[in-house]
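For the sequence shown, the numbering used here gives the first residue as 11, with consecutive numbering after it. Glycine residues also receive a C-beta, built at the ideal position from the N, C-alpha and C atoms. Source: prediction; values computed, not measured. Input: a single structure, listed below in structure tokens.
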Amino acid sequence: MNSEDLIRWIACDKCNSAQAMYLVKLVTGELYFCGHHLNEYKEALDKVSYEIIELNKVEDSPRPLETERI
């Protein structure tokens, strides 16, 4: 692990030992949760949050178009 990895590592606000995988946006601020704690509090969070974002998700990149050669 290098210093760049440490900058990107955010702890879960509930347990502080697991890496946060979700950012929960509330009107009053933001909370970070690992998957376990998001699942544990999901029902309550759905009532008070306006957005839940999965962190570090790798998006599928579009494949380059192949050009036809003549």
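- A straight line joining the alpha-carbon of V34 with that of A54 spans about 12 Å.
- In this model, Y60 and L36 are separated by some 6 Å (Cα to Cα).
- Beta bridge pairing from DSSP links S59 with L36.
- Under DSSP, L41 shares a beta bridge with V34.
- DSSP, reduced to helix, strand and coil, places A21 within a strand of the structure shown.
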